[in-house]
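Working notes for the structure below.
Numbering (the numbering used here), first residue to last: 1 to 159.
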């Protein structure tokens, strides 16, 4: 009887074969269960019977200090996907301030509003546009305050 020689066996051959039959898939999966889902419209998801309603309060707070620093308090967290940089860049660009003046305060449950979480690489895609909109509104408010203080029309001012 011949024994298998494990030194002659290429343990990576199966990794290059991407065609898997149903039977092979069941062998690989074993007794586990796979659940695939996509998250679409979250407000509709939250309206399903038996589900808690989504919060209607803010999920981020912007603070613009007298020293010119801007702080964004959000429940999103940095998990290696770069959101601490990308969100700060969006905020700085919209407010027309230097990136170095933006502080991202992320995931601090004592300071930050509730947030659904950081998952699925969705922080930049779904949180970025509302953050930009909030920053644009903040910029407009600052321009209006400056216009009132300087007694000039807003369209004659720039950030």
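Don't be surprised by glycine CBs; every beta carbon is placed ideally from N, CA and C.
In the three-state DSSP reduction, residue 108 falls in the coil class, being neither helix nor strand.
By the CB criterion at 8 Å, residue 81 and residue 121 fall inside the cutoff.
In the DSSP assignment, residue 71 falls within the unbroken beta strand (DSSP E) covering 70-74.
One thing to note: residue 143 has its Cβ within 8 Å of the Cβ of residue 159. In the structure shown, residue 157 falls within a coil segment according to DSSP collapsed to helix, strand and coil. Residue 137 and residue 156 have their C-alpha atoms some 18 Å from each other.
Closest by C-alpha distance to residue 84, out of 63, 123, 147, 62, is 123. Per the coordinates, the alpha-carbon of residue 107 lies some 25 Å from the alpha-carbon of residue 139. Pairing residue 97 with residue 72 gives a Cβ-Cβ distance that is not under 8 Å. Take the alpha-carbon of residue 92 and the one of residue 102: they are about 7 Å apart. Here the C-alpha atom of residue 127 lies approximately 19 Å from the C-alpha atom of residue 64. Nearest C-alpha to residue 129 among 87, 67, 78, 150: 87. Between the alpha carbons of residue 99 and residue 131 lies a distance of about 15 Å.
In the structure shown, residue 141 falls within a helical segment according to DSSP collapsed to helix, strand and coil.
Residue environment: residue 75 is assigned as buried (16 or more neighbouring CB atoms within 10 Å of its CB, all protein chains considered).
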